[in-house]
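Novice: So the sequence lines, in the order shown, correspond to chains A and B.
For the first sequence, the positions run 31 to 224 when my numbering is used.
For the second sequence, the positions run 50 to 634 when my numbering is used.
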Amino acid sequence: MNTFQRTVSHEAIETEWSEIQAAQATPALFRPLYNRYFEPIFHFIYKRTLDESLTSDLCSQVFLKAMQRLGGYTFRGVPFSAWLFRIASNEVAQYYRHSNKRRVVALEDSFITGILDDKDESDCRDRYRDAMIVALDDLPEHDLQIIEMRFFEQRPFKEIACLLDITESNAKVRTYRVLERIKKIMSKELGENL
Amino acid sequence: MKHNYDIRLNPKGISKSEIARHKDFNTLLSKYNQLPQKQPLLRRIVYLGTGIAAVIALVFFAVQIFNPNDNTPTSHEYFAAQPYIHPPLDHIKPNFSTFNIDASTGGVFENLGGSKLTVPAAAFVSHAGEPVHGEVMLHYREMHDFVDFFLSGIPMSYDSAGVQYTLESAGMIEMFAEQDGKRINMAPGKSIGVELISRVNVAPSLGVPSGYNIYKLNVDKRNWEYREIDHMAIISEGIESTTLNETSPLYPARKELQEKMKAITISEATEMAAIEASIPKFQKPIQPQKANGSKHVFDLDFSDLRNPNDTGEYADAQRELAGLYLQYEKMLWQVSPQSNITPEQLKKSFSSVTGIRIRKLNARDFELSLSKGDSQLVVVANPVLSGHDYDKALTEFNKELAAWDQQNAGREARLKTQKEELLRKIAKQKELANLAYEEKLQSLQNQGLADVATDEIIKHKVINRFQATGFGIWNCDRPLPPYIARVKATFKDQHNNPYNYMTGYLVDKSRNTVSRMMVKQNMTFAFNRNSDNLFWIITKDNKIAVFRPNDFKGIKKEDDAYTFVLDKIEREIIDEKDVRELLSL
Chain A
31 MNTFQRTVSH EAIETEWSEI QAAQATPALF RPLYNRYFEP IFHFIYKRTL DESLTSDLCS
91 QVFLKAMQRL GGYTFRGVPF SAWLFRIASN EVAQYYRHSN KRRVVALEDS FITGILDDKD
151 ESDCRDRYRD AMIVALDDLP EHDLQIIEMR FFEQRPFKEI ACLLDITESN AKVRTYRVLE
211 RIKKIMSKEL GENL
Chain B
50 MKHNYDIRLN PKGISKSEIA RHKDFNTLLS KYNQLPQKQP LLRRIVYLGT GIAAVIALVF
110 FAVQIFNPND NTPTSHEYFA AQPYIHPPLD HIKPNFSTFN IDASTGGVFE NLGGSKLTVP
170 AAAFVSHAGE PVHGEVMLHY REMHDFVDFF LSGIPMSYDS AGVQYTLESA GMIEMFAEQD
230 GKRINMAPGK SIGVELISRV NVAPSLGVPS GYNIYKLNVD KRNWEYREID HMAIISEGIE
290 STTLNETSPL YPARKELQEK MKAITISEAT EMAAIEASIP KFQKPIQPQK ANGSKHVFDL
350 DFSDLRNPND TGEYADAQRE LAGLYLQYEK MLWQVSPQSN ITPEQLKKSF SSVTGIRIRK
410 LNARDFELSL SKGDSQLVVV ANPVLSGHDY DKALTEFNKE LAAWDQQNAG REARLKTQKE
470 ELLRKIAKQK ELANLAYEEK LQSLQNQGLA DVATDEIIKH KVINRFQATG FGIWNCDRPL
530 PPYIARVKAT FKDQHNNPYN YMTGYLVDKS RNTVSRMMVK QNMTFAFNRN SDNLFWIITK
590 DNKIAVFRPN DFKGIKKEDD AYTFVLDKIE REIIDEKDVR ELLSL
């Protein structure tokens, strides 16, 4: 699991805000922000496309849009990274809307145990995995996003809230509800209560 | 299952290095710059023209004025965000000279300006460190003045232990080598000897200017690295051969100096000739020439040459030849290559000739005029010897040569004192002439025309010698102290468009460099009040906006703040010539 460089401390956010203002005045000064967030954004998109070339194009598009919109960016206590991830998320969604391709979901075995609270018996893994795939496939996009962020990318609720522009408690509640829904579908698939 | 998603199990991840391959901010910035730009938020607000917008704008400006440094990039941040070498006009490409070098032997290469590169044998290795053989192309360019430095985008600032200096250059070079289109390196332990001809600012009375060192640009560390002392020497050109600018206020003084120097030079030549003539020079003996079997050689009896009625050079030649004929058993004549005559023609001419006259052309050759009636044939020939005669002549010559050497040394010894006395006198006269000129310069400076005086004392031709131990950019320069005159500056063009967060360039005529700065409103602007200054900005549409030397004169000493109104020139900049025209100093 890649650990992203996140700007979360108050001091770091303040410092970053001065960098953003410099970049608002002079686009060339966007470079430090680009250097800081290129890899996390690339990872974010790659996890949703699993296509290096496509990811590169989308990533470039994300930063280009960020530079174009930077003049309108105002500091409201939310990390700049959240703003960038929102642009990236929209860019990915837009790509799938226009291309009529199915959205890629990268599922690793380790995620399954994370979702199912220690149900990692190896003899049941294949069954759980198949049921999990059915359950994920049934989720609407916004619910799938929460699962990806919380369990696949191991983001804290606070960050998920920032990314989705919701409150932290709302993020927790929504995550809980989506998990319940997954478990319900999986239980139905497995013929047992999870 | 609905198959809403393309769910992939345990997919292959992507590494940092794979991601890094796609990271390219310069391309992104270039794309961004090509996009049609939205009006900045502030300008859009102003365009709305509503009362509320005006109030917001006023508040915004008030904040900017009272907190000018808040939330804005520092100059360091501004330049740190740019490529270290950042040519301001991308489309004006540098011109490199290319030398083809045999890597095994090296060689000495001279460019049109007289600079010289000495490349040792086996000086190149490939990127893998393998010795390079065969032909190598060495690409070389020189940068000499502020326009060169400006267009190159090479920063002239130097960070020494955290203190920023501007480097004044006595010439800068860039060189790299290629083989088959691939860059190659200099071999470890090898170096290219550089003799860079350039010009530096120096007063006429001063010797080699001090403080110049050799620096190499380290692009990775974004700084210049000191390498060695610049072994600089002034190349004397002499004011006698200089073309003076008649429009210069210093013209009378320069003209007087020039005439004095010319008179001194003529006097030196005349007096030196008189000293030489005071003791006649001894005639250097001429080495005898051996008859060459492959050339036309003929026999001529002295009685055929003798004519008692001849006078002048003809009589002199006869006397000299009479001695030779007496001294040697067999005097021969060898036809000079410049006489276009065959042996048959010569034989035929001599068989029917009615008269011969002979005169000496030079130390070796004689001219023989053969006449028959009204017709005449001219043959150039010189006396030659063979066999015993030649050996005898050679022995005699060696004796005479030894004696001549001795006589000549004695003559030179007798003249030495007089010559030295003359040279001392001439040096004193030149010194006095220069001092008189310096006094006139000083007088001008006292009259407040220091800038004019400065103008006149710049640019002496020098040679910078150093060893380049690698390819890249090398600079012969010295750190300069910062300017003293300072003013709070704001910048705009003649149409009231403000210039903010852009790169400004400043030169002053007394320093061979260009200073680069981030332009912003209410910034501290330093310049040289005692010189001609030129300041300019490259606008976003690649035009030049300039603040000229005469404009600088409008900044009064008592001014704490000043608005620089730059003249934006709506002319397309095609090449270096355009830049030089627009940035004339």
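Where is the CB? At the ideal position from N, CA and C, for every residue including glycine.
Bear in mind the structure is a predicted one, so any value in this text is a computation, not a measurement.
Taking Cβ-Cβ distances below 8 Å as the criterion, which residues of the stretch 83-106 of chain A are in contact with chain B?
Specialist: Under the 8 Å Cβ criterion, the stretch 83-106 of chain A contributes 85, 86, 89, 90, 93, 94, 97, 98, 101 and 102.
Novice: Excluding the 5 residues preceding and the 5 following residue 187 of chain A in the sequence, name in chain order all residues of the same chain whose CB lies nearer than 6 Å to its CB.
Specialist: Residue 187 of chain A sits at position 157 when you count from the first residue of the first sequence. Excluding sequence neighbours, residue 187 of chain A sits near 198, 201 and 202.
Novice: Chain A beta carbons: is any one of them nearer than 8 Å to that of residue 565 of chain B?
Specialist: To locate residue 565 of chain B, count along the second sequence from 1; it is residue 516. So no, residue 565 of chain B is outside the interface.
Novice: For the alpha helix (DSSP H) containing residue 158 of chain B, name the first residue and the last one.
Specialist: The count along the second sequence starts at 1 and reaches residue 158 of chain B at position 109. Element bounds for residue 158 of chain B: not the alpha helix (DSSP H) but the beta strand (DSSP E), 156-159.
Novice: Between residue 511 of chain B and residue 284 of chain B, which are expected to be in contact by the criterion C-beta below 8 Å, what is the C-beta distance as a whole number of angstroms?
Specialist: The residue you call residue 511 of chain B lines up with position 462 of the second sequence. The residue you call residue 284 of chain B lines up with position 235 of the second sequence. About 6 Å separates the two Cβ atoms, so the contact holds.
Novice: Taking the straight line between their C-alpha atoms, what separation do you get for residue 433 of chain B and residue 350 of chain B?
Specialist: Here the question's residue 433 of chain B lines up with position 384 in the second sequence. Here the question's residue 350 of chain B lines up with position 301 in the second sequence. Cα to Cα, the separation comes out at about 14 Å.
Novice: Do residue 220 of chain B and residue 525 of chain B have their C-beta atoms closer together than 8 Å?
Specialist: Counting from one through the second sequence, the residue named residue 220 of chain B turns up at place 171. Counting from one through the second sequence, the residue named residue 525 of chain B turns up at place 476. Cβ distance < 8 Å, so residue 220 of chain B and residue 525 of chain B count as in contact.
Novice: Note down, in chain order, every chain A residue with its Cβ under 7 Å from the Cβ of residue 191 of chain B.
Specialist: Locating residue 191 of chain B in the second sequence gives position 142, where the first residue counts as 1. The premise fails here: residue 191 of chain B is roughly 29 Å from chain A at the closest Cβ pair, so nothing lies under 7 Å.
Novice: Taking the DSSP output, what are the residues bridged to residue 610 of chain B?
Specialist: To locate residue 610 of chain B, count along the second sequence from 1; it is residue 561. Answer is B/537.
Novice: I'd like the span of the alpha helix (DSSP H) that includes residue 264 of chain B, first residue to last.
Specialist: As a working mapping, residue 264 of chain B is identified with position 215 in the second sequence. No alpha helix (DSSP H) contains residue 264 of chain B, which is instead part of the beta strand (DSSP E) from 262-267.
Novice: Nearest-angstrom Cα distance between residue 158 of chain A and residue 124 of chain A?
Specialist: By 1-based counting over the first sequence, the position of residue 158 of chain A is 128. By 1-based counting over the first sequence, the position of residue 124 of chain A is 94. Distance between the alpha carbons of residue 158 of chain A and residue 124 of chain A: 32 Å.
Novice: Grab the span of the alpha helix (DSSP H) containing residue 371 of chain B for me, first residue to last.
Specialist: Against the second sequence, residue 371 of chain B aligns to sequence position 322. First-last of the alpha helix (DSSP H) with residue 371 of chain B: 361-376.
Novice: Taking the runs of the beta strand (DSSP E) that are 3 residues or longer, which of them lie wholly in the stretch 513-569 of chain B?
Specialist: 521-529, 534-542, 551-557 and 564-568
Novice: Quick check on residue 125 of chain A - is its C-beta less than 8 Å from some C-beta in chain B?
Specialist: Counting from 1 along the first sequence, the entry for residue 125 of chain A is found at position 95. Cβ-Cβ to chain B under 8 Å: no for residue 125 of chain A.
Novice: Show which residues of chain A have a CB atom less than 9 Å away from the CB atom of residue 139 of chain B.
Specialist: On the second sequence, residue 139 of chain B is found 90 positions in, with the first residue counted as 1. Correct list: empty, because the minimum Cβ distance to chain A is about 14 Å.
Novice: Which residues in the same chain as residue 377 of chain B place their Cβ atom closer than 8 Å to its Cβ, once the five residues preceding and following it in sequence are excluded?
Specialist: Here the question's residue 377 of chain B lines up with position 328 in the second sequence. Around residue 377 of chain B: 434, 438, 441 and 442.
Novice: Within 8 Å (strictly less), CB to CB, does residue 65 of chain B reach chain A?
Specialist: By 1-based counting over the second sequence, the position of residue 65 of chain B is 16. So yes, residue 65 of chain B belongs to the interface.
Novice: The alpha helix (DSSP H) that contains residue 74 of chain A, what's its start and end?
Specialist: In the first sequence, residue 74 of chain A corresponds to position 44, counting from 1. Segment 61-79, the alpha helix (DSSP H) holding residue 74 of chain A.
Novice: Does the separation of the CB atoms of residue 97 of chain A and residue 162 of chain A fall below 8 Å?
Specialist: Along the first sequence, read from residue 1 onward, the residue named residue 97 of chain A stands at position 67. Along the first sequence, read from residue 1 onward, the residue named residue 162 of chain A stands at position 132. Against a cut-off of 8 Å, the Cβ pair of residue 162 of chain A and residue 97 of chain A comes out as no contact.
Novice: For residue 215 of chain B, list the residues DSSP reports as bridge partners.
Specialist: Translated into the one-based positions of the second sequence, residue 215 of chain B becomes position 166. According to DSSP, residue 215 of chain B bridges with B/206 and B/529.
Novice: Counting only Cβ pairs nearer than 7 Å, list the residues of chain A close to residue 56 of chain B.
Specialist: Working through the second sequence from its first residue, we reach residue 56 of chain B at position 7. Here the neighbours are 135, 137, 163, 166 and 167.
Novice: Is any beta-carbon of chain D found at less than 8 Å from that of residue 621 of chain B?
Specialist: The displayed structure is made up of protein chains A and B, and chain D is not among them.
Novice: Could you give the distance in angstroms between the alpha-carbon of residue 623 of chain B and the alpha-carbon of residue 140 of chain B?
Specialist: On the second sequence, residue 623 of chain B is found 574 positions in, with the first residue counted as 1. On the second sequence, residue 140 of chain B is found 91 positions in, with the first residue counted as 1. Going from the Cα of residue 623 of chain B to the Cα of residue 140 of chain B covers about 8 Å.
Novice: Under 8 Å, CB to CB, which of the residues in the stretch 57-82 of chain A have a partner in chain B?
Specialist: 57, 58, 59, 60, 61, 62, 64, 65, 68, 69, 72, 73, 76, 80 and 82
Novice: Please determine, among B/528, B/161, B/73 and B/337, the residue with the shortest C-alpha to C-alpha distance to residue 381 of chain B.
Specialist: Counted from its first residue, the second sequence places residue 381 of chain B at position 332. Comparing Cα positions, the closest option is B/337.
Novice: Between which two residues does the beta strand (DSSP E) carrying residue 168 of chain B extend?
Specialist: Stepping through the second sequence from its first residue, residue 168 of chain B is reached at position 119. Looking at the DSSP string, the run of the beta strand (DSSP E) that includes residue 168 of chain B is 165-168.
Novice: Please report the straight-line C-alpha distance between residue 289 of chain A and residue 91 of chain A, rounded to a whole angstrom.
Specialist: Residue 289 of chain A is absent from the structure shown; chain A starts at 31 and stops at 224.
Novice: In three-state terms, what does DSSP make of residue 124 of chain B?
Specialist: Translated into the one-based positions of the second sequence, residue 124 of chain B becomes position 75. In this structure, residue 124 of chain B counts as helix in the three-state DSSP scheme.
Novice: Counting pairs of beta carbons, one from the stretch 591-610 of chain B and one from the stretch 222-232 of chain B, are three or more of them closer than 8 Å?
Specialist: no
Novice: Residues of chain B with CB under 8 Å from residue 55 of chain A, in chain order?
Specialist: In the first sequence, residue 55 of chain A corresponds to position 25, counting from 1. Under the 8 Å cutoff, chain B gives 121, 122, 549 and 550.
Novice: Closer than 8 Å between beta carbons: that is the criterion. Which residues of the stretch 255-285 of chain B meet it against chain A?
Specialist: none
Novice: Do we get a CB-CB distance below 8 Å when we pair residue 125 of chain B with the residues of chain A?
Specialist: Taking the first residue of the second sequence as 1, we reach residue 125 of chain B at position 76. By the rule that beta-carbons nearer than 8 Å mark a contact, residue 125 of chain B does not touch chain A.
Novice: Since residue 433 of chain B is in the beta strand (DSSP E), which residue starts that stretch and which ends it?
Specialist: The count along the second sequence starts at 1 and reaches residue 433 of chain B at position 384. 424-433 is the span of the beta strand (DSSP E), which, as asked, contains residue 433 of chain B.
Novice: What does residue 72 of chain B reach in chain A if we use C-beta pairs closer than 7 Å?
Specialist: As a position in the second sequence, residue 72 of chain B is number 23, starting the count at 1. Going along chain A in sequence order, the residues near residue 72 of chain B (Cβ under 7 Å) are 68.
Novice: Check the DSSP bridge columns for residue 242 of chain B and list the partner residues they point to.
Specialist: The sequence position of residue 242 of chain B within the second sequence is 193, counting from 1. Residue 242 of chain B pairs with B/167 and B/516.
Novice: Compare the C-alpha of residue 563 of chain B against each of B/61, B/194 and B/69 and name the closest.
Specialist: The sequence position of residue 563 of chain B within the second sequence is 514, counting from 1. Measuring from the Cα of residue 563 of chain B, the nearest candidate turns out to be B/194.
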